[in-house]
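Participant: Can you read through this structure? Questions will come right after.
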Amino acid sequence: MARHAALDLPWALDPEQLDRWLVPVRAGSVMLFLDYDGTLTPIVERPEQARLAESTRALLADLAARCAVTIVTGRDVTVVQRFVGLDTLGYAGSHGFDIVGPSGSGLRREVARDCLPVLDRAEALLRSALDDVEGVLVERKRFSVASHVRRVAPADRPRVEAAVAGVASGFPELRRGQGKAVHELRPNLLWDKGAAVSWLVRRMGGDLDAVVYFGDDLTDEDAFARLDGAGTAIVVTAEDRPTSARLRLNDPEEVGVVLGRMLTAMPARR
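Given below as structure tokens:
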């Protein structure tokens, strides 16, 4: 998949671009996937502060009445379900390792259950190694251990990265991952957000051309790459960086505007 500088991408709200990529939306043949932090909500210092606006929640509920909507996030499924508060949506948590479909769908997959004891041990070692680093937040998720450095002094951040690398080196079952101001340990499996999206699309009887995916994080690049030109991949960023997305939005506020345009364009589900 070709990568481009994010700020060189067309703006998804440009009238000409909007008219083009809304064609499948108007036909009612889309499957909507969205990251949570930085896409539906602004990035905040502490993860528990990233609360969904009521207007965005209402848009998601209305969209879910017309098409399949799935939140794809690094958060635990149970956490993002509580934050979003809609059981008509699907949720792929822990970067896709933990998947729960909408209520009544029967969709459920846990990709890395065998790694849970290893993650427990890695978490304990990491907490011990970072105990005296001011500002670091070690967050245990079901299928990953995240070390947030947003509140860590720049001079101390290399120490956090080194600690994560050191713990990872002792567990071949785990691999390192990186997001915005976070270092993670995840199961060392050929699975990521892109694999989760592909699995969900197949299970729901669709194809990748029907996918509209919004994401801001480095981990969303796995989904953009998996689409490989199919569907519509929209990166949410005001910063320039390499990306495999095809279109760009600046921030979650613009995502809300686009979701409203999608809802207006989308026919009612029959």
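Quick note: the sequence shown uses our numbering, first residue 795, plus one each step.
Just so you know, even glycine gets a beta-carbon here, dropped at the ideal spot from N, CA and C.
Given the structure is predicted, the values throughout are model-derived calculations rather than measurements.
Only counting the same chain, and skipping five residues up and downstream in sequence, which positions put a Cβ closer than 8 Å to that of A855?
Facilitator: Excluding positions up to five away in sequence, the list reads L880 and T882.
Participant: Check whether the region 891 to 901 and the region 921 to 930 are in contact - that is, three or more C-beta pairs closer than 8 Å.
Facilitator: At 8 Å Cβ cutoff, the stretches do not touch.
Participant: List the endpoints of the continuous beta strand (DSSP E) containing Q972.
Facilitator: Looking at the DSSP string, the run of the beta strand (DSSP E) that includes Q972 is L968 to G973.
Participant: Distance, Cα to Cα, R951 vs H942?
Facilitator: Rounded to the nearest angstrom, the two C-alpha atoms are 10 Å apart.
Participant: Is T1026 helix, strand or coil when you go by DSSP?
Facilitator: Note: T1026 maps to strand in three-state DSSP.
Participant: How would you label P809, buried or exposed, when you count the other beta carbons within 10 angstroms and need 16 or more for buried?
Facilitator: Classification of P809: exposed, given that the 10 Å Cβ count is below 16.
Participant: Mind reading off the beta-carbon distance from V1029 to G1009? Whole number of angstroms is fine, and I expect it under 8 Å.
Facilitator: Confirmed, about 7 Å.
Participant: Identify which residue in G1000, R1035, S963 and T1013 has its Cα closest to the Cα of G1025.
Facilitator: With distances taken between Cα atoms, G1025 lies closest to G1000.
Participant: Per DSSP, what are the beta-bridge partners of M1056 in this structure?
Facilitator: Looking at the DSSP assignment, M1056 forms no beta bridge with any residue, so it has no partner.
Participant: How big is the Cα-Cα spacing for M1056 and R820?
Facilitator: About 8 Å.
Participant: Comparing the CB of E1048 with every heavy atom of the ligand PLP, is any distance shorter than 8 Å?
Facilitator: This structure lacks the ligand PLP; in fact it carries no ligand of any kind.
Participant: Are the Cβ atoms of M825 and A862 separated by less than 9 Å?
Facilitator: Cβ atoms of M825 and A862: closer than 9 Å.
Participant: If you draw a straight line from the C-alpha of A957 to the C-alpha of G973, how long is it?
Facilitator: One C-alpha to the other measures close to 16 Å.
Participant: Spatial neighbours of V912 within its chain, please: C-beta separation below 6 Å, excluding the five flanking residues on both sides.
Facilitator: Cβ within range, chain order: F965 and E967.
Participant: Tell me whether the beta-carbon of R797 lies closer than 9 Å to the beta-carbon of S1038.
Facilitator: Their beta carbons are under 9 Å apart, which means R797 touches S1038 by this criterion.
Participant: Quick one: Cα of V976 to Cα of I865, how far?
Facilitator: One C-alpha to the other measures close to 20 Å.
Participant: Please state whether DSSP places T864 in a helix, a strand or coil.
Facilitator: In the structure shown, T864 sits in a strand (DSSP, three-state: E or B).
Participant: Buried or exposed, going by whether 16 or more other CB atoms sit within 10 Å of the CB of T850?
Facilitator: So T850 counts as buried.
Participant: Would you report the Cα separation of I893 and R860, rounded to the nearest angstrom?
Facilitator: Rounded to the nearest angstrom, the two C-alpha atoms are 21 Å apart.
Participant: Since E904 is in the alpha helix (DSSP H), which residue starts that stretch and which ends it?
Facilitator: That residue, E904, is in no alpha helix (DSSP H); its beta strand (DSSP E) goes R902 to E904.
Participant: By the DSSP assignment, the beta strand (DSSP E) with D892 in it spans what residues?
Facilitator: Run containing D892: D892 to V894, per the beta strand (DSSP E) assignment.
Participant: Look at the Cβ atom of L984, then the Cβ atom of V995, and state whether they are nearer than 9 Å.
Facilitator: It is not a contact, given that the beta carbons lie outside the stated cut-off.
Participant: Taking only the alpha-carbon atoms, compute the straight-line gap between T1013 and D986 and give it to the nearest angstrom.
Facilitator: Rounded to whole angstroms, T1013 to D986 spans 8 Å at the Cα level.
Participant: Check this for me: beta carbons of G884 and P1046, under 9 Å apart or not?
Facilitator: Cβ distance not < 9 Å, so G884 and P1046 don't count as in contact.
Participant: Could you give the distance in angstroms between the alpha-carbon of L834 and the alpha-carbon of A959?
Facilitator: Whole-angstrom Cα-Cα distance: 30 Å.
Participant: Identify which residue in L919, A1032 and Q875 has its Cα closest to the Cα of I837.
Facilitator: Answer by Cα proximity: A1032.
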